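Structure, as structure tokens:
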Amino acid sequence: MSEQAEAASSYDVHAVEAKWLPVWEQIDAFRADDAAVVSGKREKRYALTMFPYPSGDLHMGHAEVFALHDVISRYWRFRGYEVMNPMGWDSFGLPAENAAIRNDTHPATYTYANIETQLESMKRYGLAFDWSRRLHTSDPEYYHWTQWLFLKLREQGLAYRKNSPVNWCPQDQTVLANEQVLADGTCERCGAEVTKKELTQWYFKTTHYAQELYDCLDELQETWIGKVVNAQRNWIGRSEGAHVVFEVEGHGPVSVFTTRPDTLFGATFFVVAADAKLAAEICAPEQREAFDAYLEDVRKASDIDRLSTERPKTGVFLGRYAVNPVTGERIPVWAADYVLADYGTGAIMAVPGQDQRDWDFAKAFDLPIVRTVQPSEDFDGEAYTGAGPAINSANDEISLNGMHVEEAKSTVIAWLESKGLGNGTVNFRLRDWLLSRQRYWGAPIPIIHCPDCGEVPVPEDQLPVELPELRGADLKPKGTSPLGAATDWVTVDCPSCGGPAQRDTDTMDTFVDSSWYFFRFLSPHDSARAFDPAMAEAWGPVDFYLGGDEHAVLHLLYSRFFTKALRDMGLISWDEPFSAYLSQGKVINNGRKMSKSLGNGVNLGDQLKEFGVDSVRLTLVFASPPEDNIDWADMSPAGSLRFLQRAWRLSGDVTSAAGVDPGAGDVALRKVTHRVVADAEQLVESYRFNVMVAKVMELVNATRKAIDSGCGPEDPAVREAAETVAILLSMVAPYTAEEMWERLGHQPSVAQASWPTVDPALLVQDTVTAVVQVQGKVKARLEVAPDITDDDLEAAALADADVVRAIDGREVRRVVVRAPKLVNVVV
Numbered sequence: 001m002s003e004q005a006e007a008a009s010s011y012d013v014h015a016v017e018a019k020w021l022p023v024w025e026q027i028d029a030f031r032a033d034d035a036a037v038v039s040g041k042r043e044k045r046y047a048l049t050m051f052p053y054p055s056g057d058l059h060m061g062h063a064e065v066f067a068l069h070d071v072i073s074r075y076w077r078f079r080g081y082e083v084m085n086p087m088g089w090d091s092f093g094l095p096a097e098n099a100a101i102r103n104d105t106h107p108a109t110y111t112y113a114n115i116e117t118q119l120e121s122m123k124r125y126g127l128a129f130d131w132s133r134r135l136h137t138s139d140p141e142y143y144h145w146t147q148w149l150f151l152k153l154r155e156q157g158l159a160y161r162k163n164s165p166v167n168w169c170p171q172d173q174t175v176l177a178n179e180q181v182l183a184d185g186t187c188e189r190c191g192a193e194v195t196k197k198e199l200t201q202w203y204f205k206t207t208h209y210a211q212e213l214y215d216c217l218d219e220l221q222e223t224w225i226g227k228v229v230n231a232q233r234n235w236i237g238r239s240e241g242a243h244v245v246f247e248v249e250g251h252g253p254v255s256v257f258t259t260r261p262d263t264l265f266g267a268t269f270f271v272v273a274a275d276a277k278l279a280a281e282i283c284a285p286e287q288r289e290a291f292d293a294y295l296e297d298v299r300k301a302s303d304i305d306r307l308s309t310e311r312p313k314t315g316v317f318l319g320r321y322a323v324n325p326v327t328g329e330r331i332p333v334w335a336a337d338y339v340l341a342d343y344g345t346g347a348i349m350a351v352p353g354q355d356q357r358d359w360d361f362a363k364a365f366d367l368p369i370v371r372t373v374q375p376s377e378d379f380d381g382e383a384y385t386g387a388g389p390a391i392n393s394a395n396d397e398i399s400l401n402g403m404h405v406e407e408a409k410s411t412v413i414a415w416l417e418s419k420g421l422g423n424g425t426v427n428f429r430l431r432d433w434l435l436s437r438q439r440y441w442g443a444p445i446p447i448i449h450c451p452d453c454g455e456v457p458v459p460e461d462q463l464p465v466e467l468p469e470l471r472g473a474d475l476k477p478k479g480t481s482p483l484g485a486a487t488d489w490v491t492v493d494c495p496s497c498g499g500p501a502q503r504d505t506d507t508m509d510t511f512v513d514s515s516w517y518f519f520r521f522l523s524p525h526d527s528a529r530a531f532d533p534a535m536a537e538a539w540g541p542v543d544f545y546l547g548g549d550e551h552a553v554l555h556l557l558y559s560r561f562f563t564k565a566l567r568d569m570g571l572i573s574w575d576e577p578f579s580a581y582l583s584q585g586k587v588i589n590n591g592r593k594m595s596k597s598l599g600n601g602v603n604l605g606d607q608l609k610e611f612g613v614d615s616v617r618l619t620l621v622f623a624s625p626p627e628d629n630i631d632w633a634d635m636s637p638a639g640s641l642r643f644l645q646r647a648w649r650l651s652g653d654v655t656s657a658a659g660v661d662p663g664a665g666d667v668a669l670r671k672v673t674h675r676v677v678a679d680a681e682q683l684v685e686s687y688r689f690n691v692m693v694a695k696v697m698e699l700v701n702a703t704r705k706a707i708d709s710g711c712g713p714e715d716p717a718v719r720e721a722a723e724t725v726a727i728l729l730s731m732v733a734p735y736t737a738e739e740m741w742e743r744l745g746h747q748p749s750v751a752q753a754s755w756p757t758v759d760p761a762l763l764v765q766d767t768v769t770a771v772v773q774v775q776g777k778v779k780a781r782l783e784v785a786p787d788i789t790d791d792d793l794e795a796a797a798l799a800d801a802d803v804v805r806a807i808d809g810r811e812v813r814r815v816v817v818r819a820p821k822l823v824n825v826v827v
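Going by the UniProt record's numbering, the letters in the sequence shown line up with residues 1 to 827, in that order.
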């Protein structure tokens with residue numbers, strides 16, 4: 001019987017899974033020991049992967065991220081660290097609520113049923129989670145503290161309510177934060193085109209930490225994946241410039257922010273966002289009808305559309321003029337859609353000579369254009385945005401002509417400050433976080449609205465404000481919160497004056513829940529506080545965080561905001577939540593995102609049934625570096641299964657006793673084993689998990705070759721190699737590794753073993769293989785000393801019998817030598 005046939009007939013992947021699941025449950029090997037960390041007995045590592053939405057069973061994306069994350073958490077345990085590796089469910093929010101509505105089920109019923117389904121799938125998947133710390137953000141025991149944190153942020157001036165134009169999803173019938181609107185202007189949840197709506201909503205003041213959020217990215221650059229740091233930096237959008245004061249006729253002074261105050265002499269008109277309050281305030285009575293009609297059209301467009309450079313410029317003259325502070329000229333004031341209400345004051349100075357959108361607007365409405373920077377000689381475009389000397393930039397008191405950008409900026413800022421007409425400043429693209437949602441399935445906002453007392457916080461001893469069940473109620477989005485219909489719940493006495501009042505009927509964005517969940521994991525059953533500060537000091541911050549690119553901006557940014565706020569409240573001492581962050585790629589199929597409509601979906605359950613958990617996990621980890629996409633059409637879980645069978649069979653071939661000293665074993669095999677362990681350590685720590693798997697495959701092949709070539713199964717080196725395979729393989733294929741570990745005579749679990757010790761003496765290479773090519777074709781391989789010289793390697797190559805036959809008496813024109821590994825002979 002062949003090796004593959006024997007393995008296939010003996011290794012039943014599903015029987016192995018059924019065997020080890022209850023054993024792992026009983027051992028509870030992955031429970032984190034707080035005492036060991038607090039006492040200093042063991043150094044801590046906090047491993048975290050983003051917890052899932054319970055909107056269905058696990059899918060291929062979950063399978064990938066969990067398999068990758070398990071490598072790190074298991075590796076750290078082998079290295080002797082006390083590992084915190086918790087898991088829970090992000091169970092509030094639109095994904096779960098929309099799915100429940102589609103299935104005509106109450107969100108609570110649907111959500112908790114899916115949680116149990118996912119829990120069983122996660123356990124079957126063999127993940128090293130500490131289930132004693134399990135949490136659900138929709139539990140009152142959790143959102144009690146979400147509400148408490150809201151009130152604490154409000155006390156700090158970091159939560160407030162205001163009226164403003166907001167992003168509105170007409171399908172989900174709720175507001176969205178800027179970060180939840182995709183680049184094409186659609187809702188990230190449902191894909192509907194987002195519009196604008198004037199509403200009074202709750203905000204978190206993320207801009208309070210804008211500078212620190214930006215500065216700390218320099219420190220994270222080394223340990224976070226680069227594209228995520230860049231995404232954060234671009235979203236915060238720090239820019240240096242100046243506030244410049246324009247006197248607007250019929251209104252008074254208006255300050256605008258500009259990053260190019262050096263171009264102020266070229267400001268030939270003034271633009272106000274049509275949906276900014278300022279536009280309505282400035283508008284002359286005779287222009288009111290035209291302005292109102294234009295504003296109605298503007299509110300139908302998304303911010304993304306409005307900022308597009310390809311969008312035709314539209315606007316309406318407001319019947320007013322502003323005074324350019326450096327030229328003294330009256331310039332017309334227009335309302336337009338390419339300026340956003342929440343950027344600065346909602347107004348800009350338009351410099352068409354140096355800004356393409358201003359140029360397009362000027363051309364569309366026949367407004368003057370004055371260049372204030374000399375274009376380069378080869379420039380033949382329209383607006384010139386490059387560097388160059390200032391031109392057309394002088395008045396009786398100041399001249400910028402001839403100055404380059406930075407000198408011109410500082411000069412004009414100094415002049416503006418001396419005249420009280422402006423000042424140098426820093427501006428940010430970041431806007432405050434809009435957290436209100438007009439939906440049912442979320443944490444109620446713990447505020448009571450009293451006609452006499454205004455906004456009154458719910459007293460802490462009355463938390464949590466629990467959601468009313470609303471069983472049988474129509475929860476479909478209607479533009480106002482369904483909670484408004486729960487009159488018994490809404491109507492309350494004011495905690496301040498005792499008079500009649502009403503609860504706030506909006507709920508919090510689900511990203512509020514996920515912005516602090518990693519704190520709750522530290523003491524998930526504490527009924528007296530959100531988390532234990534002592535545990536936060538012992539375990540925090542998170543040492544490794546793994547998640548998807550789709551959360552590279554909002555979730556990470558919000559978590560960073562919460563962390564800095566909690567630090568300033570004195571609850572923690574650290575500045576950033578995640579010391580290292582890695583984002584994994586996606587699992588696609590035939591080059592496209594998996595989709596039922598495209599007919600290319602891959603069902604995880606079907607793959608597990610056909611090939612087993614370990615085969616799927618191994619395939620996903622081995623496929624590529626973690627950050628790259630995986631095309632399942634190119635994968636071979638069947639090939640992974642064949643390899644696992646070979647590894648399993650290897651453990652059955654060992655005949656030496658457990659605990660035997662490997663020192664007397666085959667030296668060549670021991671060298672391969674120790675080199676693989678040394679390489680695996682470096683590869684895991686640099687997140688090159690796929691290469692680590694390749695090294696384990698090399699070790700399996702080398703061990704099989706050693707056995708077949710005369711190194712008997714009783715050789716201690718064979719046992720050492722097989723045990724090493726089991727330990728390394730357990731990071732990726734825990735069932736197979738556990739089975740191997742038992743067959744090798746050890747008690748479960750292999751997860752509780754120690755990382756193999758490397759003997760430095762066995763890492764020293766006695767020889768290396770030098771490849772000899774003749775006319776680019778390999779003709780010989782020579783075993784040579786690692787420190788061989790070029791001359792000696794050339795001589796050895798030309799003397800080799802196979803090389804002499806390949807040259808066949810022809811003239812050697814050139815020999816290229818790259819000692820100790822390559823010789824190329826040209827004849």
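By construction, the Cβ of each residue, glycine as well, lies at the ideal position given by its N, Cα and C atoms. Note that this is a predicted model, so its numbers are computed, not measured.
Under the three-state DSSP convention, the category residue i falls into
i, result
"Glu3", "The predicted model places Glu3 with a pLDDT of 47, which falls under 50 and marks its position as unreliable; any figure quoted below should be read in that light. The answer is helix: DSSP assigns Glu3 an H, G or I state."
"residue 914", "Because the chain is modelled from 1 through 827, residue 914 falls outside the range shown and cannot be assessed."
"Phe622", "helix"
"Arg45", "strand"
"Trp433", "strand"
"Ile588", "strand"
"Ser656", "coil"
"Phe521", "coil"
Cβ-Cβ distance between residue i and residue j below 9 Å
i, j, result
"Leu650", "Val696", "no"
"Arg429", "Gly237", "yes"
"Ser164", "Ala341", "yes"
"Leu604", "His144", "no"
"Leu483", "Tyr203", "no"
"Tyr343", "Ala387", "no"
"Glu469", "Pro444", "no"
"Ala322", "Val426", "no"
Rounded C-alpha distance that separates residue i from residue j
i, j, result
"Ile807", "Thr767", "26 Å"
"Ile391", "Leu367", "20 Å"
"Gly652", "Glu742", "10 Å"
"Pro22", "Tyr735", "12 Å"
"Phe265", "Asn324", "8 Å"
"Pro533", "Pro459", "22 Å"
"Ala67", "Phe578", "20 Å"
"Met508", "Leu199", "15 Å"
"Trp489", "Met692", "57 Å"
"Val373", "Thr385", "8 Å"
Minimum C-alpha distance to residue i - residue among the options
i, options, result
"Lys419", "Ile398, Arg437 and Arg439", "Ile398"
"Ser138", "Phe643, His551 and Gly442", "Gly442"
"Gly599", "Glu610, Ala633, Pro577 and Ala580", "Ala633"
"Gln173", "Thr480, Gly612 and Ser709", "Thr480"
"Val718", "Val654, Val784 and Thr146", "Val654"
"Pro662", "Phe622, Glu720 and Leu683", "Glu720"
Same chain, Cβ closer than 7 Å to residue i, five either side skipped, listed in chain order
i, result
"Pro170", "Ala192 and Thr195"
"Asn629", "Gly585, Lys586 and Ile588"
"Tyr209", "Phe561 and Lys564"
Contacts around residue i, its chain only, beta-carbon distance under 6 Å, and the 5 residues preceding and following it disregarded
i, result
"Trp235", "Val553"
"Arg11", "A small fix is needed here, since residue 11 is Tyr in this sequence, not Arg. These residues qualify, in order along the chain: Gln645 and Trp648."
"Ala108", "none"
"Trp755", "Phe78 and Arg79"
"Asp504", "Ile445 and Ile447"
"Ala580", "Thr223 and Phe544"
Distance cut-off 8 Å: residue i Cβ against heavy atoms of the ligand GTP
i, result
"Val825", "By its list of ligands, the structure shown contains no ligand whatsoever, and the ligand GTP lies outside what it can speak to."
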